[in-house]
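> The structure under discussion is supplied below as structure tokens; questions concerning it will follow.
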């Protein structure tokens, strides 16, 4: 019985430890130093997973002391439908409001039948996804698309 109980505790500890280590990413000093050379970031996303991944990168940067001057996520595609007042995504985004700029493609709004008035607060509408990404790249932003 003691062996079985010990195995259960060992398994539980191993499982919980791996869950904790997955949730945090520790960046190497050199990586942080390199990232601090250009502290402006833009992420292009088209779905909720991409949006949450970009916000996770923001969290990782903050947790590791990466200098961020500007962090913007430009959104197009189906996720736009879920970025409306009263949605679960609105509550999720509360933590980032005022820290991360989220820009919504106006063309996506029109194609998906979402009005600017329906969007939750803290979101900006831009002309197009592509032009906004190119504009920020021209300004020297590091960019990636999910």
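Residue numbers (mature numbering (1 follows the signal peptide of the UniProt record, and there is no 0)): -23 to -1, 1 to 123.
Using N, Cα and C, we set each Cβ at its ideal position, and we do this for glycine too.
#1: With hydrogens ignored, establish whether the beta-carbon of residue 6 is closer than 7 Å to any heavy atom of the ligand FMN.
#2: I'd like the ranges of any beta strand (DSSP E) spanning at least 3 consecutive residues and lying wholly in the region 37 to 75.
#3: Report the residue ranges of all alpha helix (DSSP H) runs contained in full by the region 70 to 118; include only those spanning at least 4 residues, in chain order.
#4: Would you call the region 21 to 32 and the region 89 to 102 in contact, with 3 or more CB pairs under 8 Å?
#5: Please state if the CB of residue 78 and the CB of residue 40 are separated by a distance shorter than 8 Å.
#6: Where DSSP assigns a beta bridge to residue 9, which residues make up the other side?
#7: On the premise that residue 73 lies in contact with residue 21, defined as a C-beta separation below 8 Å, what is that separation, rounded to the nearest angstrom?
In terms of the structure at hand:
#1: With respect to the ligand FMN, the structure shown offers nothing to examine, as it has no ligands at all.
#2: 47 to 52
#3: 83 to 89 and 106 to 115
#4: no
#5: no
#6: None, per the DSSP bridge assignment.
#7: That belief does not hold up - the Cβ atoms of residue 21 and residue 73 are roughly 17 Å apart, past 8 Å.
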